[in-house]
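Residues in the sequence shown are numbered consecutively from 320, following the numbering used here.
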Amino acid sequence: MKRSSLTYLFAFAASAVLFTACQSGGEFRGREYMPDMAHSIAYEANLNTYYSLNHWGGKEAYDAFVQPRTPEVGTIAHGRSKENVRINSPYTYPVYAFANTEGERTKASELILDNPVRPKDAAELEKVLSDGKDLYNIYCSSCHGKAGDGNGQLYEMGVYPAAPKNFLLADMVESTDGRYYHAIMYGKNVMLSHADKLSHDERWMVIHYIRSLQAAKAGTEYNLEAASAPKGGKKPEAKEEAKKDDKKEAGKDAKKGK
Ligand code: HEC
Numbered sequence: 320m321k322r323s324s325l326t327y328l329f330a331f332a333a334s335a336v337l338f339t340a341c342q343s344g345g346e347f348r349g350r351e352y353m354p355d356m357a358h359s360i361a362y363e364a365n366l367n368t369y370y371s372l373n374h375w376g377g378k379e380a381y382d383a384f385v386q387p388r389t390p391e392v393g394t395i396a397h398g399r400s401k402e403n404v405r406i407n408s409p410y411t412y413p414v415y416a417f418a419n420t421e422g423e424r425t426k427a428s429e430l431i432l433d434n435p436v437r438p439k440d441a442a443e444l445e446k447v448l449s450d451g452k453d454l455y456n457i458y459c460s461s462c463h464g465k466a467g468d469g470n471g472q473l474y475e476m477g478v479y480p481a482a483p484k485n486f487l488l489a490d491m492v493e494s495t496d497g498r499y500y501h502a503i504m505y506g507k508n509v510m511l512s513h514a515d516k517l518s519h520d521e522r523w524m525v526i527h528y529i530r531s532l533q534a535a536k537a538g539t540e541y542n543l544e545a546a547s548a549p550k551g552g553k554k555p556e557a558k559e560e561a562k563k564d565d566k567k568e569a570g571k572d573a574k575k576g577k
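Encoded structure:
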């Protein structure tokens, strides 16, 4: 009995010493008991957070863990390969193969005709439009206006110098979805890219919503049929600038030996 309480006392004293003697102070950085608990050994891809006191494997093993993973077979990096464009397949994630030039804007407007987000029924369309509305009001309406008429708050206040596009005018109503998608990806002149603000599907939901604003203005219903029909068909005029860009791009391809 006596002995075991002595043992407890000793254990208590020893741990008190252990925990107080390792504290940092002055020049001494202190000692850590079980550093793996304080410094997570979990690794993050592409981020080397190696800590010298990790007690499993050395730096080499850690370095091997944080290397980029090998992509799944068939993975296509977004915007990387011109060979793998599948613009018209519904609900796929096509590679965005068009570059940020006026010539490529024209090309995108000619080639991208369908909105790949295709709601199956009225309820899904309603959800797409309500999500599209929220996103539009967050990211676009400050310039393009809640109604899509180009009279956004920023523009009306006079803060923003250039007139944002009025989506309700014939020019935009008659343009293809590609023209919208390209503008979201790269912006245009003073409008900056919104590619990092919206995911692939979100961009297309915003376009559905803009189309529904146009339909409301025209007094037509934006139903399932209207949502799945290719729109516009009118191409933006290919300006001199566009032709120059095309030549530049062609030159680049020729250099690459394509
Ligand atoms: C900061 C203001 C601003 C915001 C925010 C903005 N835009 Fe624009 N947008 C403009 C201006 C200005 C133009 C006219 C550019 C020009 O023609 O020089 C424009 C032009 C466009 C065009 C026409 C491009 C063409 O081919 O002529 C589209 C489509 C468009 N915007 C879509 C959007 C969408 C969709 C959003 C939201 C995701 C958005 N914009 C957010 C200012 C803005």
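Just so it is clear, CB atoms sit at the ideal spot from N, CA and C, and this is done for glycine as well.
Heavy atom of the ligand HEC within 8 angstroms of Pro435 beta-carbon: Indexing the sequence shown from 1 puts residue 435 at position 116. Within the chosen limit of 8 angstroms, the ligand HEC does not reach the beta carbon of Pro435 with any heavy atom.
Using three-state DSSP, classify Ser426 as helix, strand or coil. Taking the sequence shown and counting its residues from 1, the one referred to as residue 426 is at position 107. As written in the sequence, residue 426 is Lys, which differs from the Ser given in the question. In this structure, Lys426 counts as helix in the three-state DSSP scheme.
Write down the C-beta distance between Asn434 and Asp496 rounded to the nearest angstrom, noting that I regard them as a contact closer than 8 angstroms. Here residue 434 refers to the residue found at position 115 of the sequence shown. Here residue 496 refers to the residue found at position 177 of the sequence shown. Right, the Cβ-Cβ distance comes to about 5 angstroms (below 8 angstroms), so this counts as a contact.
In this structure, what does DSSP give as the bridge partners for Lys378? For the purposes of this step, residue 378 is taken as the residue at position 59 of the sequence shown. Lys378 is not bridged by DSSP to any residue.
Between Met524 and the ligand HEC, is there a pair consisting of the residue's CB and a ligand heavy atom that are separated by less than 8 angstroms? What you label residue 524 is simply residue 205 of the sequence shown in a count that begins at 1. Met524: no, Cβ never under 8 angstroms from the ligand HEC.
Is there a Cβ of chain D sitting closer than 9 angstroms to that of Leu325, yes or no? The chain labelled as chain D is not found in the depicted structure, where only one protein chain is given.
Is it the case that the CB of His519 approaches a heavy atom of the ligand ADP more closely than 8 angstroms? Looking at this structure, you won't find the ligand ADP anywhere; what it does contain is the ligand HEC.
State the Cα-Cα distance for the pair Ala482 and Leu372, rounded to the nearest angstrom. In the sequence shown, residue 482 corresponds to position 163, counting from 1. In the sequence shown, residue 372 corresponds to position 53, counting from 1. C-alpha separation (whole angstroms): 59 angstroms.
Cβ of Val385 within 8 angstroms of any heavy atom in the ligand HEC? For the purposes of this step, residue 385 is taken as the residue at position 66 of the sequence shown. No.
Quick check on the burial criterion: 16 or more other C-beta atoms within 10 angstroms. Buried or exposed for Lys439? Position 120 of the sequence shown, counted from the start, is the residue given in the question as residue 439. Lys439 should be labelled exposed.
Quick one: give me the first and last residue of the alpha helix (DSSP H) that Gln472 is part of. Position 153 of the sequence shown, counted from the first residue, corresponds to residue 472. In the DSSP assignment, Gln472 falls within the unbroken alpha helix (DSSP H) covering 472–475.
Would you call the CB atoms of Gly506 and Asn485 closer than 9 angstroms? To locate residue 506, count along the sequence shown from 1; it is residue 187. To locate residue 485, count along the sequence shown from 1; it is residue 166. In this structure, Asn485 does not lie closer than 9 angstroms to Gly506 by Cβ.
Could you check which residue in Lys550, Asn419, Gly344, Gly376 has the C-alpha nearest to that of Asn508? Counted from its first residue, the sequence shown places residue 508 at position 189. When each option's Cα is compared against that of Asn508, the closest is Asn419.
If we call anything under 9 angstroms between Cβ atoms a contact, is Lys465 one with Asn456? As a position in the sequence shown, residue 465 is number 146, starting the count at 1. As a position in the sequence shown, residue 456 is number 137, starting the count at 1. The answer is yes: Cβ separation under 9 angstroms.
Please tell me whether, using a cut-off of 8 angstroms, the distance from the CB of Val492 to the nearest non-hydrogen atom of the ligand HEC is below it. Start at 1 with the first residue of the sequence shown, and residue 492 comes out as number 173. Val492 Cβ: outside cutoff for every heavy atom of the ligand HEC.
Examine the ligand HEC and report whether any of its heavy atoms sits within less than 8 angstroms of the Cβ of Pro483. Locating residue 483 in the sequence shown gives position 164, counting from the first residue. Under cutoff, so the answer is yes.
Can you give me the start and stop residues for the alpha helix (DSSP H) that Ala535 sits inside? As a first step, residue 535 must be located in the sequence shown, where it is residue number 216. Its alpha helix (DSSP H) spans residues 519–537.
For Lys516, report the span of its alpha helix (DSSP H) as first-last. Locating residue 516 in the sequence shown gives position 197, counting from the first residue. No alpha helix (DSSP H) contains Lys516, which DSSP labels as neither H nor E.
Around the C-beta of Ala546, are 16 or more other C-beta atoms found within 10 angstroms, so that it is buried, or is it exposed? For the purposes of this step, residue 546 is taken as residue 227 along the sequence shown, with counting starting at 1. The residue is buried, with at least 16 neighbouring Cβ atoms inside 10 Å.
Helix, strand or coil at Lys507 according to DSSP, with G and I counted as helix: Numbered from 1 along the sequence shown, position 188 holds the residue referred to as residue 507. Reduced to three states, the DSSP call for Lys507 is strand.
Assuming Ala514 and Ile503 form a contact by the criterion Cβ under 8 angstroms, report the distance between their Cβ atoms to the nearest whole angstrom. One-based indexing of the sequence shown puts residue 514 at position 195. One-based indexing of the sequence shown puts residue 503 at position 184. About 7 angstroms; that satisfies the 8 angstroms criterion.
Using the Cβ count rule (16 or more neighbours within 10 Å means buried), how would you classify Ser518? Residue mapping note: residue 518 aligns to position 199 of the sequence shown, counting from 1. Ser518 counts as exposed, since fewer than 16 other C-beta atoms from the protein chains shown sit within 10 angstroms of its C-beta.
With distances taken between CB atoms, is the gap from Leu532 to Leu444 smaller than 9 angstroms? As a position in the sequence shown, residue 532 is number 213, starting the count at 1. As a position in the sequence shown, residue 444 is number 125, starting the count at 1. Leu444 sits away from Leu532, with the two beta carbons spaced by 9 angstroms or more.
Within 10 angstroms of the Cβ of Tyr327, are there 16 or more other Cβ atoms? Answer buried if so, exposed if not. To locate residue 327, count along the sequence shown from 1; it is residue 8. With fewer than 16 other Cβ atoms inside 10 Å of its own Cβ, Tyr327 counts as exposed.
Less than 8 angstroms separating the Cβ of Tyr479 from some heavy atom of the ligand HEC? Taking the sequence shown and counting its residues from 1, the one referred to as residue 479 is at position 160. Yes, since a heavy atom of the ligand HEC falls inside the 8 angstroms radius drawn around the Cβ of Tyr479.
Pop quiz: Leu454 and Met524 are said to be a contact at Cβ under 8 angstroms. What is the actual Cβ separation, rounded to whole angstroms? Here residue 454 corresponds to residue number 135 of the sequence shown, with the count starting at 1. Here residue 524 corresponds to residue number 205 of the sequence shown, with the count starting at 1. Leu454 to Met524, Cβ: 6 angstroms. Contact.
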